[in-house]
Amino acid sequence: MTVIDSSAYIAYLIGEEGGEAVRPWLDPERAPRSVSLLLTESGNVLWKYYRAGAIPKQRAIELFTMTLNICREGVIRVEPDERYGDLALRLAIQHSHPFYAMLFVALAMETHEGLVTGDALQAQVAKQCGIEVSVIC
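Shown next as structure tokens:
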């Protein structure tokens, strides 16, 4: 099983550099999971891309619907943020890294799973916490 963070998933979703490397991690046999923040951040990035004129409105809606379906169908199992908030805050304070990023690290720690991320600093913190990390570029 593997934790997919927002940076990795969004890179895959919108076709950023390195995003295609996420595809194998989305195999249901790998039982990928994430925190519900993944949905919030995906929607926010799609909105930003739309506002910047990088993608049309309909494409933003389609990509978010696809994301919801991936989560609803259990391709990515979504865990509630609040389940990992206490540990995430302790990690954020200890490592001087944002709380929202530490939610993914906390999930990986609690479930003893690896982490797939596009965030090099988050990867560094996760490794310090003993988590196996795959960084996409």
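Residue 72 in my numbering sits at position 71 of the sequence shown, with consecutive numbering throughout.
Cβ coordinates follow ideal geometry from the N, Cα and C atoms, glycine included.
What are the start and end residues of the beta strand (DSSP E) that includes residue 5? Stepping through the sequence shown from its first residue, residue 5 is reached at position 4. Unbroken beta strand (DSSP E) run through residue 5: 3-5.
Could you tell me the alpha carbon to alpha carbon distance between residue 112 and residue 85, rounded to whole angstroms? Position 111 of the sequence shown, counted from the first residue, corresponds to residue 112. Position 84 of the sequence shown, counted from the first residue, corresponds to residue 85. Cα to Cα, residue 112 sits roughly 11 angstroms from residue 85.
Inter-residue Cα distance where the pair is residue 135 and residue 104: The residue you call residue 135 lines up with position 134 of the sequence shown. The residue you call residue 104 lines up with position 103 of the sequence shown. If I take the Cα positions, the gap works out to 17 angstroms.
Contacting residues, own chain, Cβ-Cβ under 6 angstroms from residue 20 (five flanking each side not counted): Within the sequence shown, the letter at position 19 stands for residue 20. Within its own chain, the residues whose Cβ lies closer than 6 angstroms to the Cβ of residue 20, once the five positions on either side in sequence are excluded, are 12, 13, listed in chain order.
Ordered along the chain, which non-local residues of its own chain (more than five positions away) have a Cβ less than 8 angstroms from that of residue 26? Start at 1 with the first residue of the sequence shown, and residue 26 comes out as number 25. Closer than 8 angstroms at the Cβ level, and outside the excluded window around residue 26, lie 3, 5, 9, 33, 117, 135.
Taking the alpha-carbon positions, what's the residue 15 to residue 42 distance? By one-based count along the sequence shown, residue 15 stands at place 14. By one-based count along the sequence shown, residue 42 stands at place 41. Cα-Cα distance, rounded: 13 angstroms.
Beta-carbon contacts of residue 23 that lie in its chain and below 8 angstroms, excluding the five residues immediately before and after: Looking up residue 23 in the sequence shown gives position 22. Same-chain partners within the cutoff: 5, 9, 10, 12, 13, 117, 137.
Output yes or no for whether 9 angstroms exceeds the beta carbon distance between residue 17 and residue 119. Position 16 of the sequence shown, counted from the start, is the residue given in the question as residue 17. Position 118 of the sequence shown, counted from the start, is the residue given in the question as residue 119. The answer is yes: Cβ separation under 9 angstroms.
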